[in-house]
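Each protein sequence line maps, in turn, to chains L and W. My numbering puts the first sequence at residues 297 to 1070. My numbering puts the second sequence at residues 3 to 207. Backbone N, C-alpha and C fix where the C-beta goes; we use that ideal spot for every residue, glycine too. Working notes, beginning with the structure itself.
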Amino acid sequence: MRATLALCLGGLQFLAILSVILSTFVSSEDALLRQSRNSLTEVSVNVIGQVKSFLNPARQALDATRRLAENDVLDISDPAVLESHFFQQLQVAPQLAGMYLADETGRFVYVMRSEEPGRYRTKFVPPFPPGTEEHPADFQWRNDQFTLLETTTTRTDTYEARTRPWFRMVSETKAPIWTEPYIFFTTRQPGLTYGVPILDEDGDIRAILGIDIQIDALSGFLLDIWSERRGAALVLNEDGAVLAHPTLVLIRQEAHMEAPELTRVDQIADPIAQKAFGDVVQTGLSDAQGPVHTDFQLNGQDYVAMLIEVSEPGLRWLIGLYAAEDNFIGEIKKNRTQGVWIALAIAILTGAIGLAMADRIYAPVRTFASQSQQLSSGEITPEEGLHSPYRELEDTGAALAQEVRQRQRFETAYGRTFDLASRGMAQISPETGRFQRVNEQLCDIMGYRPDELEKMTLADILPEDGQQIAVKFRETLLQDSEFIAENQFIRKDGSPIWLRVNAILIRDENGVPDHAVAIVDDVSDRKKAEDEAGRLSRDLSHVARVNLMGEMASGLAHELNQPLSAISYNVDAAKITLDEIGDPDPELTEILSDIDRQSRRAGDIIRALREVIRKDRGRQAPFELNGLIRQTVSLMDSEAKIHEIKLHYDETELPFVTGNRTQIAQVLVNLLRNAIDALARDPIAGGRIAITTRVTDELVEVRVEDNGPGVSDDVTLFDTFDTQKADGMGLGLSICRTIIKANDGTIWYEPTETSGARFCFTLRRSDQPGGERE
Amino acid sequence: MTSESLVVFIVDDDEDVRIALSRSLSKRGMRVEHFADAQAFLNQVHEDAKGCLILDYGMPGMDGLELQDHLNRQGSTIPVIFISGHGGIPESVRATKAGAIDFLEKPFDLAVLIERIQAAFEVGAQLRSDKARRKMLADKRGLLTEREEQVLQHILTHPARTSSKEIAAELGISPRTVEIHRGRIQQKVGVKTTIELYELFGQMQ
């Protein structure tokens, strides 16, 4: 959760900073690209200006000469005048290579720059017929001061001006023309010719003026303007020929030494220029007047390039410029990388700070949470309270402490009861069976110390073959039933102990099982007696589960408890009163003790009956009656022997009968006990109880007969609470009748011939119709 | 014997039991008063009467649990011992959870009851003393002015921040005023230090 938070926080910051940096970068990159184009445009303007200023002197010189000639200020028929005029023009503009005049007669005056013997050479060709192979010509060399240095004459000059392209073009158009650029034969430098006609009043051509311009100097200029950066400017002809390039030699195609040509831009040994402007040769120049910008990449390097037209009448030249992009935005790119790292660092830093702050803000909450945990678990007391720098938490803490205090107060009250209770009590986890809390009485019963017991579970104190009790405990309680069981448990010293465990489940306010409260009684003494009677004894304890009997017992218990209690307390009071008298009658004391004992016994019986309330009714099934009678007799034998009574069973072969075996056993026990009691009440020599059986068509009859005093006439048998026993309650026969009735039998009394009592009951035979029903 | 002034109250709708039990206990030198129903008991006995109450669980009208609940809500200091003719585990747990000393099933051994009565007398004495102490503290606290009560409240709820400066900041008054209030509180309550003040009232919070 916190890691996610940190990640989100850092990530968001990173994104935010990055976006700022990127947007700045993008906008600045745009601006710089614009800037770079602007720079290119500026350079191009510069170059265009230079180109124009390069060409202009030629144009001005020729146009001026033409006007002078046409207005007859300059006499073009005089070669000396022309020579002088041309000389002056060449001196003014160094890029002018030569100036000349020719006419239809073949006359030709030409002043050009030279080396030796003078700086200027003049050639005069007099008129000669066209088609003549050779004609005479005079040459003069002069220095800067126009001083004649040398003169020579030839008769075999072959130059024919009338066939030259400039002459023809001007003749045809009668207008100024620029020739295509070419390599001057004499200087091996690039150049071109400007030609204008000299017209008469009729508009016919009198003569044609020409001027040669050498443009190698343009390349030098281009080298200068771009010295600092990686880039270059080129001047191109519209057909793609390179007119000027910073590296001058590149523009001469040296393949033909005799007639060198200008290198075309798609062939030039400048790969960048090739790449940038090569297409111009292929596609030609568009009509677009505006500059054409392109971006391209070469050898991993980004370039920007621009192509712009030089607007000059009669000329279509192009200025090409290219430059590495890094010139303009390299710094920015570097900044961007830096910016990303800075963003990352800031994101991490602020993320960490944010986390630390969050941690600091959260720390009191955490402390509070752990305090409240401690408070609820009791590690700190509510008086210490929960404190926090946050008011809201402080208030919550106060409320919590208040709750805990209330709970503690309540638990103190409950705990006092728990500890003072006269019986073993335990608080047990219903799921795990772990003892959460035990009282001293339970510890005494089990022989463990409280701290030992509270580390154990129910299963720990159960014998190995009794583990299912722990399961039953859990299941019963979780169904919200009351758990009642008598089972053997193992004490700390390993000795077995019979405990009766009653438990109920306590749920918390949300209905979730919280704990079970169990009340534990040591019933070993009773169990011991029962064990001696063996298996039947255990079965008999189940008799108590007869539902019908339980209902009755419940009513009885209810009714009888009150008078019994009153009797008990009255006896108590009477005994004390008797003591107060001093020297009491011992018989009276004995009587009171008897009353006391009997009322207690009645209480015990009721208590036992009460158990029945919660038991369910046993199932009825066919069983072997002989075996049951034998077991019952052996169970009661010890009791009979005490009173020197003989128990006799005359065993005959019997069919199976249907009923609840243990309930029937209970009836037998009751009848036998009644007989024993009767015989014990009036002891006679040779007290004897006999059990006999008789089989009829559908039934088996069982008789219990004694040779005692029999039943008085004033006793109504089988009525509840009617008895002739000194300590009886009259319940025994009543219960017997209920049981037998429930087992589809009848029970009755008949006197014997010898004044004894005989009780009979019947049971259904299992092998007869209707006997199989439940 | 301390039980001279202590009374065992018995509430049981069964006259035989009531009479027999009170007779028996009287014979043992205890002062016994008995009532046939819960209402009669409530009408005649003060909620802080010295002694203990032996209460029948199942009665017509207001039954034992209802009476116990009523007493609890009154803040009674009379401990209750339940007796029942047909109580089960659930009832006994309910009763003991509500503070009963024990839950005895009739007929019970008198010796056990007497033992419980003695225990109940001690519990009752403790409850009365606690209650008296609470009342005494409440009375003393009643003497405080509203502002003094605020100061006390702050001391009790923020035992770690009891300097006059801190209290003053909290209540928006001057530390000097807080000092005066604190002095008056301690004088009225009869203690000398703030720690004593906290010990005295802290438990009441």
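Using a Cβ-Cβ cut-off of 8 Å, residue 710(L) is close to 98, 99, 101 of chain W, given in chain order. About 5 Å separates the Cβ atoms of residue 684(L) and residue 664(L), confirming a contact at the 8 Å cut-off. Secondary structure of residue 871(L) (DSSP, three-state): helix.
For the alpha helix (DSSP H) assignment, the uninterrupted runs of no fewer than 4 residues enclosed by the segment 144 to 183 of chain W are, from N- to C-terminal side, 148 to 159, 166 to 173. Contact annotation for residue 26(W) against chain L: 865, 866, 868, 869, 872 [CB-CB distance below 8 Å, chain order]. By the Cβ test, the segment 934 to 951 of chain L is in contact with the segment 986 to 1002 of chain L, since at least three Cβ pairs between them sit closer than 8 Å. DSSP places residue 36(W) in the strand class (E or B) of the three-state scheme.
Residue-level contact check: residue 159(W) touches chain L, since one or more beta carbons of chain L fall below 8 Å from its beta carbon. The closest CA to that of residue 518(L), considering only 544(L), 536(L), 501(L), is found on 544(L). Non-local beta-carbon contacts of residue 816(L) in its own chain, meaning distances under 6 Å to residues more than five positions away in sequence, involve 720, 738, 795, 797 in chain order.
Annotated as proximal: residue 964(L) and residue 928(L), with beta-carbon spacing under 8 Å. Taking a Cβ-Cβ threshold of 9 Å, none of the residues of chain W is close to residue 819(L); the smallest such distance is about 15 Å. A direct Cα-Cα distance of roughly 41 Å separates residue 735(L) from residue 1029(L).
Residue 133(W) is outside the set of residues whose beta carbon lies under 8 Å from a beta carbon in chain L. Residue contact check for residue 16(W) against chain L: a CB pair falls below 8 Å. In this structure, residue 573(L) keeps its C-beta atom at 8 Å or more from the C-beta atom of residue 611(L). Here the segment 634 to 644 of chain L makes contact with the segment 300 to 315 of chain L; the two share three or more CB pairs at distances below 8 Å. Your pair residue 330(L) and residue 589(L) does not check out as a contact, with CB atoms roughly 10 Å apart and the cut at 8 Å. Residue 919(L) is bridged by DSSP to 953(L). The beta carbon of residue 194(W) sits closer than 7 Å to the beta carbons of 188 from its chain, once the five residues preceding and following it are set aside; these are given in chain order. By the criterion of a C-beta distance shorter than 8 Å, residue 50(W) is surrounded in its chain by 78, 79, 80, 130, 133, once the five residues flanking it on both sides are discounted. Sequence-distant Cβ neighbours of residue 754(L) in its own chain, meaning closer than 7 Å and more than five residues away, are 724, 729, 766, 769.
The three-state reading of DSSP puts residue 543(L) in coil, since its state is none of H, G, I, E or B. Any Cβ of chain W closer than 8 Å to the Cβ of residue 704(L) would place that residue at the interface, and such an atom is absent.
917(L) is the residue among 917(L), 974(L), 941(L), 1000(L) whose C-alpha sits nearest the C-alpha of residue 959(L). Residue 125(W) has a beta carbon lying within less than 8 Å of a beta carbon in chain L. Rounded to the nearest angstrom, the gap between the Cα atoms of residue 895(L) and residue 741(L) is 28 Å. Excluding residues up to 5 positions away in sequence, 432, 433, 434, 435 lie with their Cβ nearer than 8 Å to the Cβ of residue 449(L) in the same chain. The beta-carbon distance between residue 534(L) and residue 613(L), rounded to whole angstroms, is 7 Å. This is short enough to meet the 8 Å contact definition. Relative to the Cα of residue 777(L), the nearest Cα in the group 747(L), 726(L), 870(L) belongs to 726(L). Take the alpha-carbon of residue 161(W) and the one of residue 141(W): they are about 22 Å apart.
Across the structure, residue 692(L) and residue 176(W) are spaced so that their CA atoms are roughly 28 Å apart. For residue 858(L), the chain W residues whose Cβ falls inside 8 Å of its Cβ are 16, 18, 19, 87, 108, in order along the chain. Of the candidates 967(L), 956(L), 996(L), 956(L) places its Cα closest to the Cα of residue 1038(L).
Between residue 596(L) and residue 513(L), the alpha-carbon positions lie close to 33 Å from each other. Residue 191(W) has its alpha-carbon roughly 37 Å from the corresponding atom of residue 98(W).
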